[in-house]
Structures are given as structure tokens and as C-alpha cells.
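Participant:
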Amino acid sequence: MMEESPFTDLPQNDVELTPDKVKDEKEGGPTFHCDLCDAELVYTIAQAFLPGLSTACVDNTTGDVFKSPDSVAAEIRKEMVEYLTQRSETFVAESVVLDAGLEVQASDHPYDIIAFLIDEFATTKRNLFSRVSEWLLSDKREDKIDDFSQEMEINGFWSIDKREAIVQTLLKNVDLKNEFHCDMKFYSADELAQHVPTCKYRSMTCQNEGCYAKYSISQMGNHDSVCLYKMIPCEQNCSASLMRRDMDRHCITVCPMKLVNCPFYSVGCKSAIPQCKIEEHRSSDFHSHLLYILQGIHKEASVEVLRKRVEQLLQKYSSKLANIRDLRSLTYKVKDLDAKLGPLKVCATNEVDVATKTAGKLQILEASDTNKVTEKGAETRVVGFEAKPQSLEVTPTNKDSIEAVKAEIKDFEAKLQSLGVKSLNKVSKEGLKTKATDVEAKPQSLENTITNKDSGVAPGTTVNHHEARPPSLEVTPKKVSEATIENSVKDVEGKVRLSKVSTGENW
1 MMEESPFTDL PQNDVELTPD KVKDEKEGGP TFHCDLCDAE LVYTIAQAFL
51 PGLSTACVDN TTGDVFKSPD SVAAEIRKEM VEYLTQRSET FVAESVVLDA
101 GLEVQASDHP YDIIAFLIDE FATTKRNLFS RVSEWLLSDK REDKIDDFSQ
151 EMEINGFWSI DKREAIVQTL LKNVDLKNEF HCDMKFYSAD ELAQHVPTCK
201 YRSMTCQNEG CYAKYSISQM GNHDSVCLYK MIPCEQNCSA SLMRRDMDRH
251 CITVCPMKLV NCPFYSVGCK SAIPQCKIEE HRSSDFHSHL LYILQGIHKE
301 ASVEVLRKRV EQLLQKYSSK LANIRDLRSL TYKVKDLDAK LGPLKVCATN
351 EVDVATKTAG KLQILEASDT NKVTEKGAET RVVGFEAKPQ SLEVTPTNKD
401 SIEAVKAEIK DFEAKLQSLG VKSLNKVSKE GLKTKATDVE AKPQSLENTI
451 TNKDSGVAPG TTVNHHEARP PSLEVTPKKV SEATIENSVK DVEGKVRLSK
501 VSTGENW
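As numbered in the UniProt record's numbering, residues 1 to 507 make up the sequence shown, in order.
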């Protein structure tokens with residue numbers, strides 16, 4: 001807890017704190033100066049005085065058990081005013097000399113210059129302990145500076161009027177472009193009195209209720225355009241007028257012209273409409289809303305068909321649909337009434353077109369599949385006749401595979417029988433020779449014509465795996481040699497023997 005500050009009892013009029021005005025260099029010239037400055041800038045600079053003074057007092061007393069910031073505040077305040085006055089008179093000339101060789105020049109705005117001088121003064125008051133505190137305990141140091149600055153503001157240690165009087169003098173010293181103060185001079189007090197009511201730097205207070213800002217008359221337009229307390233019409237063109245500071249909250253909460261999504265947004269209506277015109281939108285776009293709902297019910301139907309269904313609904317049930325406002329109720333009602341109207345009627349022309357296109361595609365697919373089956377089937381059968389079947393080379397490992405091998409053996413026996421071989425166990429070399437001769441002499445069985453659409457086999461004709469190649473392929477049967485048939489028989493006998501052994505049967 002900070003002790004009661006002794007500077008609260010200081011006299012209000014400290015004459016020594018007001019710097020002398022700049023004197024005229026030439027005697028006999030105008031001696032009456034207009035002291036008016038940009039009031040808004042003066043107030044802004046005056047607000048920077050207390051934090052600067054607080055920084056100097058805290059840094060000057062850090063680590064000193066016999067001194068506190070409030071005990072040295074009055075003395076440091078006097079030193080601060082003297083330092084700022086002297087430096088402001090020489091700062092411009094010094095900056096011109098120092099910046100002559102620099103590529104980047106310092107800011108020439110009066111606020112930046114005076115703020116730099118305040119920081120420069122506070123730096124001169126630092127002791128060793130304050131420098132260490134700045135490095136190690138910067139947060140704690142900043143808290144002390146803020147607390148002491150607020151204490152001086154509350155106790156009225158340095159009033160704003162006195163600070164503004166000092167700032168006006170400093171501003172004239174650093175504002176060489178005469179942008180923020182009046183540089184008019186007069187020979188008599190009467191001339192100065194006539195000038196003041198018309199001076200563009202005369203001060204005025206904002207007239208908007210709740211705003212106490214001060215500014216020069218020349219800055220009235222700039223302040224009026226940003227004043228948070230000015231009453232302005234709603235930016236969204238509703239009938240309300242409100243303060244500028246409340247505009248954003250109004251536009252996104254209670255403004256009737258706030259843009260919202262259509263109540264039927266979830267079914268497809270993407271319109272953004274003012275909140276006050278929702279009912280008007282519902283009425284004007286009722287047909288579209290019904291169409292969106294029907295599209296959700298009949299997802300496969302075309303837009304033209306659904307539009308006709310909308311017309312049917314409105315013709316028969318317009319009175320039942322007109323008073324429904326929410327999406328859910330309208331959807332349930334439309335589903336119920338749509339069911340009463342029966343199934344959708346698709347246009348006959350569209351049906352014919354669809355059927356025609358579908359039939360054409362089917363014909364193309366059938367022709368393509370027929371050609372592929374015919375060619376591949378014939379090639380497979382010819383190859384099967386020329387070479388011994390590889391499927392017979394499978395070694396049975398279980399009952400299913402054994403049964404498959406037996407079936408393949410029976411199929412092969414049937415093929416041999418078609419060639420005139422009666423039995424695998426009774427065949428002789430002489431019989432094989434005779435049958436081979438018959439096969440060479442009578443290759444007519446290979447000249448069957450494939451006419452069936454799906455399998456390429458004519459009705460009533462039995463085509464074996466080694467027979468029937470389409471006539472278009474013009475297959476010339478090869479001569480079956482005695483050695484080929486004998487090897488095939490031996491191979492089959494070996495397969496049968498292996499099958500018998502694996503199943504435990506006697507060969």
C-alpha cells in the first residue's frame with residue numbers, strides 16, 4: 001500500500017513551471033502572437049507527460065530505502081519542464097545537423113519529437129539498480145510505473161490545463177512547418193482580439209452527447225467523421241439511427257435489414273434475404289420451394305416432370321399449402337398430397353428415346369460378346385485338340401480335387417471314344433493306328449457351322465472340345481500321329497493310376 005502522497009498539498013499555481021515564450025528577434029516588429037494550437041494534438045501530448053514523469057521517479061528511487069517516487073515527484077517535475085523547454089529549442093537545429101548524413105530521417109511530427117524528449121529525460125534519471133531492474137524485473141517495474149502514474153492522475157498532482165499550457169510552448173518550438181499552431185503576429189491587442197474568433201486553431205468541444213473531445217475548428221470535419229458518439233443512420237438502410245459505436249452490434253443482432261438465409265436453405269434455396277422480407281420471399285418463391293421439396297422426394301425425376309407436379313399440387317391443394325410457413329410441416333404435407341396424386345407420369349417421348357437408346361446399346365453389346373465368344377471358343381477348342389490338356393496335370397490333394405480329376409478323365413475318355421477308342425484299359429496299338437487313320441480320312445466333324453447366338457453352336461449339334469471351329473476360320477485338321485495318341489493314352493493311364501492310389505481303390 002502506497003503512503004499518502006505529499007504532492008497532493010502542492011500549490012495549484014506553479015509559476016516556475018511555465019516556460020518563457022519565444023521572444024522576437026527584431027525589435028519594433030509585431031509583438032502580439034496568437035497562442036492558439038491544434039487542441040486535439042495538445043491534449044494528446046499532455047497525456048504523455050504523466051507516464052514520463054512516473055518513469056523518471058520510479059527509476060530514480062529504485063533500490064533507495066530512504067526515497068520513494070512520490071517524495072521526489074515535485075523536484076523531478078520541475079527538472080522535466082526545464083529539460084523539455086531547453087531541448088525543444090535546440091532539437092530541430094541538432095536534428096538537421098545529425099540527420100544530414102543519414103539516409104533515413106527521423107519523424108518531424110511534433111508528437112513524435114516531444115515523446116522522444118520525454119523518454120530521453122526519463123533515461124537520465126536511471127540509476128544502477130533501475131537498469132538491473134529493467135533487465136531482470138521488467139514486468140514488476142512496468143507495474144510500478146503504471147500504478148504511480150494513476151495515483152498522480154487521481155490526486156490531481158499535475159492538472160491537464162497546466163500540462164496543455166506547457167505543451168503549447170513546446171509545440172511552437174518543434175512545429176517548424178506551422179501545421180499545428182497559428183503563427184500570426186499583430187501590432188496591437190485589438191488586432192489579436194479580432195483575429196481569435198476567426199482563427200482556424202480556435203478550440204471547441206464536440207457537441208455530440210457523451211463526447212467531451214476538444215479539437216480545433218479546422219479539425220471538426222475529421223473528428224465528426226470518426227466520433228463514436230455521433231448519431232448516424234443504419235448502414236443497412238433500416239429506419240433506425242444510433243451512435244457510431246453501437247453500429248456493428250446493431251447490424252449483426254437486431255437490425256431488420258440483416259441478411260439471413262432462406263428458411264428453405266437446407267432443401268436447396270440459397271437466397272440471402274433481409275430479415276424483414278422473409279414473408280415476401282416465401283410468397284414470391286413458393287413455386288421454387290415446392291420444386292426443391294419434390295426434388296428431395298423424387299430424386300430420379302427430371303425438373304420438367306417435377307414442375308408439372310408442382311402445378312398439379314397448386315391446382316388441387318393451393319389452399320392447404322398456402323398457410324404453411326415452416327419447412328418441416330410443408331415437407332410432410334407435400335409428401336402426403338403427392339402420394340394422393342399417384343405416381344409421376346413421364347413424358348412418352350422421353351420413354352421412347354430412352355428405350356431406343358437402351359435397345360441400341362444392348363444390340364451392340366450382344367454383337368460384340370457373340371464375336372468374342374465365337375472366336376475365343378473356337379481357338380480354345382482347336383488348341384485343346386492339338387495339345388494334351390494341362391488341366392489333367394493337377395495333383396489331387398483332397399476329395400474335391402480327386403473328384404475333379406475323375407471328371408476330367410471321364411471327359412477325356414469320351415473324347416477318345418468319339419475318335420473310335422473304346423476303352424483306356426483295353427486299347428491296343430493296332431486299334432489306335434486304325435482310329436488315327438479314320439480321323440485323318442474323315443475330318444468332316446470339324447466343319448460344323450456355329451449358328452447359336454450365345455455359344456456359337458447350332459441347335460441339335462453336339463460339339464466336343466476338339467471339334468467345331470467356325471467355317472469362317474477355315475481350320476484344316478492336322479494329322480494325328482500314332483505317337484501322339486499313344487502318349488496321350490499313357491498320360492491318362494498315369495493320371496488314373498495316381499487317382500486310384502490316392503483314394504485307396506484297386507487299379
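Cβ coordinates follow ideal geometry from the N, Cα and C atoms, glycine included.
Leaving out the 5 sequence neighbours to the left and right, which residues in its chain are closer than 7 Å to V42 when beta-carbon positions are compared?
Facilitator: The residues are E164, V167, Q168, L171.
Participant: By Cβ distance below 6 Å, which residues in the same chain neighbour G494 in space, the five residues on each side in sequence not counted?
Facilitator: Closer than 6 Å at the Cβ level, and outside the excluded window around G494, lies no residue.
Participant: What three-state label does DSSP hand T205 in the structure shown?
Facilitator: In the structure shown, T205 sits in a strand (DSSP, three-state: E or B).
Participant: Between which two residues does the alpha helix (DSSP H) carrying L170 extend?
Facilitator: Where L170 is concerned, the enclosing alpha helix (DSSP H) stretches over 160-174.
Participant: In this structure, what does DSSP give as the bridge partners for P256?
Facilitator: Per DSSP, none; premise fails for P256.
Participant: Report the rounded CA-to-CA distance for K299 versus S225, giving the unit in angstroms.
Facilitator: Answer to the nearest angstrom: the Cα atoms are 55 Å apart.
Participant: Please state whether DSSP places residue 516 in a helix, a strand or coil.
Facilitator: Summary: the structure shown does not reach residue 516, with the chain confined to residues 1 through 507, and so no result is reported for it.
Participant: Can you list, in chain order, the residues of its chain whose CB lies under 6 Å from that of C211, leaving out five sequence neighbours each side?
Facilitator: The answer, listed in chain order, is C227, Y229.
Participant: Start and end of the beta strand (DSSP E) containing M243?
Facilitator: Where M243 is concerned, the enclosing beta strand (DSSP E) stretches over 241-243.
Participant: What does the alpha-carbon distance come out to for the pair K78 and A46?
Facilitator: Cα to Cα, K78 sits roughly 15 Å from A46.
Participant: Going by beta-carbon coordinates alone, are F264 and L327 separated by less than 8 Å?
Facilitator: Yes, these two residues count as a Cβ contact at 8 Å.
Participant: Which residues in the same chain as I160 place their Cβ atom closer than 7 Å to its Cβ, once the five residues preceding and following it in sequence are excluded?
Facilitator: Excluding sequence neighbours, I160 sits near A46.
Participant: In this structure, how does DSSP classify F180 when only helix, strand and coil are distinguished?
Facilitator: Three-state result, F180: coil.
Participant: If you scan the segment 34-103 from start to end, which runs of the alpha helix (DSSP H) of 4 or more residues do you find wholly inside it?
Facilitator: 39-47, 49-61, 69-98, all fully within the segment 34-103.
Participant: Would you mind working out which of P110, R325, Y187, P233 sits nearest L176, comparing C-alpha positions?
Facilitator: Nearest option by C-alpha distance: P110.
Participant: Exposed or buried, which one is I145 when buried takes at least 16 other CB atoms within 10 Å?
Facilitator: That one is buried.
Participant: Taking the straight line between their C-alpha atoms, what separation do you get for R249 and L242?
Facilitator: Whole-angstrom Cα-Cα distance: 11 Å.
Participant: In terms of residues, what are the limits of the alpha helix (DSSP H) holding A115?
Facilitator: Where A115 is concerned, the enclosing alpha helix (DSSP H) stretches over 110-124.
Participant: Going by other Cβ atoms of all chains shown within 10 Å of its Cβ, with 16 needed for buried, is D139 buried or exposed?
Facilitator: Its Cβ having fewer than 16 others within 10 Å, D139 is exposed.
Participant: Identify whether F264 lies in helix, strand or coil by the three-state DSSP scheme.
Facilitator: It is coil, neither helix nor strand.
Participant: Would you call the segment 213-221 and the segment 45-62 touching, i.e. three or more CB-CB distances under 8 Å?
Facilitator: Not touching, per the Cβ criterion.
Participant: Do C276 and M257 come within 8 Å of each other at the CB atom, strictly closer than that value?
Facilitator: Contact flag set, yes.
Participant: Please classify T124: is it buried, with 16 or more other beta-carbons within 10 angstroms of its beta-carbon, or exposed?
Facilitator: So T124 counts as exposed.
Participant: Using the beta-carbon count (16 or more within 10 Å), is T331 buried or exposed?
Facilitator: Buried, by the Cβ-count rule.
Participant: From I297 to K335, what does the alpha carbon distance come to, in whole angstroms?
Facilitator: One C-alpha to the other measures close to 7 Å.
Participant: Alpha carbon to alpha carbon, what distance is there between H289 and I324?
Facilitator: So the two alpha carbons sit approximately 12 Å from each other.
Participant: Please classify F148: does DSSP put it in a helix, a strand, or coil?
Facilitator: Looking at F148 - three-state DSSP - the assignment turns out to be helix.
Participant: From the DSSP output, in three-state form, read off K21 for me.
Facilitator: Bear in mind that a pLDDT of 46 at K21, under 50, signals an unreliable position, so the number given afterwards is only what the model happens to contain. In this structure, K21 counts as coil in the three-state DSSP scheme.
Participant: Measuring only the C-alpha atoms, how far is A240 from C234?
Facilitator: A240 and C234: Cα-Cα distance of roughly 6 Å.
Participant: Look at the alpha carbon of D59 and the alpha carbon of F49, and state the distance between them as a whole number of angstroms.
Facilitator: Roughly 16 Å separates the two Cα atoms.
Participant: Go ahead and pull the three-state DSSP assignment for I232.
Facilitator: Residue state, collapsed to three classes: strand.
Participant: Thinking just about the alpha-carbon of each residue, which of T85, R245, E142 is nearest to the one in C57?
Facilitator: Residue E142 is the option with its Cα nearest to C57.
Participant: Reducing DSSP to helix, strand and coil, say where K214 ends up.
Facilitator: In the structure shown, K214 sits in a strand (DSSP, three-state: E or B).
Participant: For F157, name the three-state secondary structure that DSSP assigns.
Facilitator: Of the three classes helix, strand and coil, the one that applies to F157 here is coil, per DSSP.
Participant: Report yes if the CB atom of I114 is closer than 8 Å to the CB atom of V174, and no otherwise.
Facilitator: Contact flag set, yes.
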